[in-house]
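Enquirer:
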Amino acid sequence: MPSIIEMPELVLEKIIEFSDFKSVLALREVCRDFRNFIENLSDTKLPDSKFEAITLCTFNKHRRKSDMFLTYEEEYGFRRQFYSVMEKSRSINGKTTILENSNIVDVAVQDLETVLKFQKSDLECLSFHFGDFQHHNNSLIHTLPDKLTTMLGKLNRRIKTKEFSLKVNHQSQIVPILRNADPDTLERLSLYSTGDMEIEIDDIVGTEQWKHAESIHCEPYLTNLKMEDVCHFSRISLKTNSVTARDMDTLKKTFLSSSELMRYEFESRNFNEQELSNIWGPAFGFESASHWYFQMKEWQVLDFVVRRELMGRDRRCYCLNFDIIDMEDVPDGAVIHAYNEN
Amino acid sequence: MSSTEQGTSSAAPAEPTTAPESAAAPEVPESFYYVHGKDKVVHKVSAGALQHSALIHGMISNLGYTEEQAKANPFPFENIDGDILQMVVDWCNQHKGKPTPPEDTNLPKQKEKLFDLVLAVNYLEIKELLTYCCKQVAMMVKGKSPEEIREIWMIPTDAEDEAAEKEAKKRAGKEAAGETAAAAGDAK
Numbered sequence: 001m002p003s004i005i006e007m008p009e010l011v012l013e014k015i016i017e018f019s020d021f022k023s024v025l026a027l028r029e030v031c032r033d034f035r036n037f038i039e040n041l042s043d044t045k046l047p048d049s050k051f052e053a054i055t056l057c058t059f060n061k062h063r064r065k066s067d068m069f070l071t072y073e074e075e076y077g078f079r080r081q082f083y084s085v086m087e088k089s090r091s092i093n094g095k096t097t098i099l100e101n102s103n104i105v106d107v108a109v110q111d112l113e114t115v116l117k118f119q120k121s122d123l124e125c126l127s128f129h130f131g132d133f134q135h136h137n138n139s140l141i142h143t144l145p146d147k148l149t150t151m152l153g154k155l156n157r158r159i160k161t162k163e164f165s166l167k168v169n170h171q172s173q174i175v176p177i178l179r180n181a182d183p184d185t186l187e188r189l190s191l192y193s194t195g196d197m198e199i200e201i202d203d204i205v206g207t208e209q210w211k212h213a214e215s216i217h218c219e220p221y222l223t224n225l226k227m228e229d230v231c232h233f234s235r236i237s238l239k240t241n242s243v244t245a246r247d248m249d250t251l252k253k254t255f256l257s258s259s260e261l262m263r264y265e266f267e268s269r270n271f272n273e274q275e276l277s278n279i280w281g282p283a284f285g286f287e288s289a290s291h292w293y294f295q296m297k298e299w300q301v302l303d304f305v306v307r308r309e310l311m312g313r314d315r316r317c318y319c320l321n322f323d324i325i326d327m328e329d330v331p332d333g334a335v336i337h338a339y340n341e342n
Numbered sequence: 343m344s345s346t347e348q349g350t351s352s353a354a355p356a357e358p359t360t361a362p363e364s365a366a367a368p369e370v371p372e373s374f375y376y377v378h379g380k381d382k383v384v385h386k387v388s389a390g391a392l393q394h395s396a397l398i399h400g401m402i403s404n405l406g407y408t409e410e411q412a413k414a415n416p417f418p419f420e421n422i423d424g425d426i427l428q429m430v431v432d433w434c435n436q437h438k439g440k441p442t443p444p445e446d447t448n449l450p451k452q453k454e455k456l457f458d459l460v461l462a463v464n465y466l467e468i469k470e471l472l473t474y475c476c477k478q479v480a481m482m483v484k485g486k487s488p489e490e491i492r493e494i495w496m497i498p499t500d501a502e503d504e505a506a507e508k509e510a511k512k513r514a515g516k517e518a519a520g521e522t523a524a525a526a527g528d529a530k
């Protein structure tokens with residue numbers, strides 16, 4: 001009987017082509033010859049792993065056995081692998097393998113690389129979440145962002161994902177990683193940080209990814225925020241140190257002139273409501289918030305709300321929202337400003 | 343006998359070179375060729391059916407054999423077992439001039455036969471059949487663990503492989519030593 005290993009390359013390539021991702025992962029473990037053959041195959045000849053979401057995440061506190069995990073989600077179910085820097089181990093389905101001579105951060109990054117090599121269809125979500133590294137006794141985990149950036153750069157192609165979710169513990173980690181998302185596929189960008197971090201957005205707003213995304217969700221406080229850098233988004237949810245009444249007026253005009261915008265939410269540490277009244281006229285007080293209503297097309301009304309909220313014991317902030325509502329939801333007695341006013 | 347026939351064929355006018363094209367035009371009588379495998383059993387196959395094999399199609403398109411010449415010069419495929427060649431011929435006949443279906447469920451279930459068929463089909467360059475075969479080989483191990491795959495495809499582990507290699511080397515070394523000893527004995 002002919003041995004499958006001795007089959008011509010074209011035949012082996014075809015067999016791989018008809019195998020699914022899990023089979024190919026198993027084939028890599030069968031023997032050295034198969035592993036080498038698969039490693040040397042170009043990405044285009046590998047089957048599509050068809051994952052919906054991929055996450056690489058580090059744990060915040062070191063009370064757990066593992067320091068990070070890698071998850072790939074399919075339509076039905078998911079697979080999660082845990083990595084422990086201290087134990088030098090990887091656990092899959094409760095089965096732990098000790099990798100005595102390996103750098104565990106490298107192992108995790110390599111595993112991610114393998115998964116990304118097989119991913120051809122667009123991901124729904126790609127997440128890289130770094131916790132607070134200060135809680136980790138082992139310094140190896142600190143090298144993860146750099147190693148991840150290097151690996152993504154070497155892939156030589158941008159990752160097609162509709163949502164990119166990034167949690168960082170330092171501003172410098174954002175742009176080098178974000179650059180590896182395919183701007184044409186990217187729809188939603190989510191940024192998180194450990195603690196109350198402030199981020200200067202000058203270099204982030206310059207990326208293609210920022211410019212192409214349709215929605216932005218940003219938890220860290222953004223400094224140097226300019227309205228022209230965000231008004232292309234159809235959905236915004238972000239925090240900033242300060243916005244002006246002029247900024248809100250610019251956004252209102254953008255909203256009224258475009259049919260694409262859906263909802264803007266700002267949380268600002270500072271805001272002067274009086275200035276806004278000077279431009280738009282007095283607000284309508286409703287449900288402990290100040291509202292301004294602007295007529296849009298047909299039965300649609302733009303509802304701008306300012307609400308002062310207490311965040312924690314002594315921190316106040318302003319929540320400023322633009323929302324499109326139905327004409328019939330405007331409370332009685334409220335003035336609806338005409339379409340072309342201002 | 344075949345050499346004389348070949349001689350006449352080269353001297354004959356070049357008019358029948360268009361013969362393989364006849365498959366496309368039904369009014370022209372179909373031409374046939376002959377193939378045999380390791381068991382020397384000769385199969386008569388139409389040029390239309392043989393079009394599936396890029397290798398044979400390439401061979402016959404420039405030959406311009408007459409019926410007699412073709413009969414006297416069957417293509418020898420000594421590297422293909424008789425029963426495997428029979429399978430290939432049957433498949434080509436069944437799918438002559440027809441668009442191939444997306445799947446083929448009539449492939450051998452026995453893995454030894456399937457692997458032999460893969461090699462034969464790859465050699466004869468029958469693209470569609472190779473696709474079906476490779477798909478079936480891939481399906482054999484779908485959802486299986488590395489250990490199970492090793493068993494199904496009968497692949498030795500790296501350790502077994504190394505041990506076998508060592509053993510083979512050792513044996514070769516011994517044989518060589520034996521030979522030199524014998525040679526030395528002869529010299530004496």
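One line per chain: the protein sequences are A and B, in this order. Per my numbering, the very first residue in the first sequence carries number 1; after that it's consecutive. Per my numbering, the very first residue in the second sequence carries number 343; after that it's consecutive. Where a beta carbon is used, it is the ideal one built from N, C-alpha and C, also for glycine.
1. How would you call residue 303(A), buried or exposed, if buried means at least 16 neighbouring beta carbons within 10 angstroms?
2. If you draw a straight line from the C-alpha of residue 451(B) to the C-alpha of residue 458(B), how long is it?
3. Along chain A, which residues have their Cβ under 7 Å away from the Cβ of residue 495(B)?
4. Return the CA-CA distance between residue 291(A) and residue 219(A), expressed in angstroms with no decimal places.
5. When you compare only the Cα positions, how much space is there between residue 48(A) and residue 485(B)?
6. Which residues of chain B have a Cβ atom closer than 7 Å to the Cβ of residue 18(A), listed in chain order?
7. What is the residue span of the alpha helix (DSSP H) that residue 220(A) lies within?
8. Among all the DSSP beta bridges, which residues are the ones paired with residue 172(A)?
9. Using the three-state DSSP reduction, which class does residue 199(A) fall into: helix, strand or coil?
10. List the DSSP bridge partners of residue 188(A).
11. Using Cβ-Cβ distances below 9 Å, what residues of the segment 160 to 184 of chain A are close to chain B?
12. Could you name the residues of the same chain whose beta carbon sits closer than 6 Å to that of residue 386(B), not counting the 5 residues immediately before and after it, in chain order?
13. Unbroken alpha helix (DSSP H) runs of length 4 or more, entirely within the segment 264 to 288 of chain A: which are they?
14. Would you kindly check if the distance between the Cβ of residue 171(A) and the Cβ of residue 199(A) is under 7 Å?
15. Are the C-beta of residue 30(A) and some C-beta of chain B separated by less than 7 Å?
16. Look at the alpha carbon of residue 324(A) and the alpha carbon of residue 35(A), and state the distance between them as a whole number of angstroms.
17. Using beta carbons (cut-off 7 Å, strictly below), is residue 120(A) in contact with chain B?
18. What residues are listed by DSSP as bridge partners for residue 142(A)?
19. What distance in whole Å lies between the Cβ atoms of residue 396(B) and residue 467(B), which are believed to be in contact at a cut-off of 8 Å?
20. CB-CB under 8 Å to residue 242(A), same chain, minus the five flanking residues each way: which ones, in chain order?
21. Which chain B residues are close to residue 92(A), counting only those with a beta carbon under 7 Å from its beta carbon?
22. Can you tell me whether residue 180(A) is buried or exposed? The criterion is at least 16 other CB atoms within 10 Å of its CB, across all chains shown.
23. In the segment 47 to 122 of chain A, which residue ranges form an unbroken beta strand (DSSP E) of at least 3 residues, counting only runs that do not cross its ends?
24. Cβ of residue 510(B) less than 7 Å from any chain A Cβ?
25. Would the segment 26 to 45 of chain A count as touching the segment 89 to 104 of chain A if we require 3 or more Cβ pairs under 8 Å?
26. If you draw a straight line from the alpha carbon of residue 50(A) to that of residue 393(B), how long is it in whole angstroms?
27. Say whether chain B places a C-beta atom closer than 7 Å to the C-beta of residue 15(A).
28. Alpha carbons only, please: which of 401(B), 420(B), 439(B) is nearest the one belonging to residue 372(B)?
29. Find the nearest neighbour of residue 319(A) within the set 238(A), 294(A), 46(A), judged by alpha-carbon distance.
Expert: Taking the structure as given:
1. buried
2. 12 Å
3. 4
4. 25 Å
5. 16 Å
6. 476, 477, 480
7. From DSSP, residue 220(A) is part of no alpha helix (DSSP H) but of the beta strand (DSSP E) over 215 to 223.
8. According to DSSP, residue 172(A) bridges with nothing at all.
9. strand
10. 163(A), 215(A)
11. none
12. 374, 376
13. 273 to 280
14. yes
15. yes
16. 56 Å
17. no
18. Paired residue(s): none; residue 142(A) is not in a bridge.
19. 4 Å
20. 268, 269, 270, 271
21. Under the 7 Å cutoff, chain B gives no residues; its nearest Cβ is about 13 Å from residue 92(A).
22. buried
23. 53 to 58, 68 to 73, 78 to 84, 89 to 92, 95 to 98
24. no
25. no
26. 37 Å
27. yes
28. 439(B)
29. 238(A)
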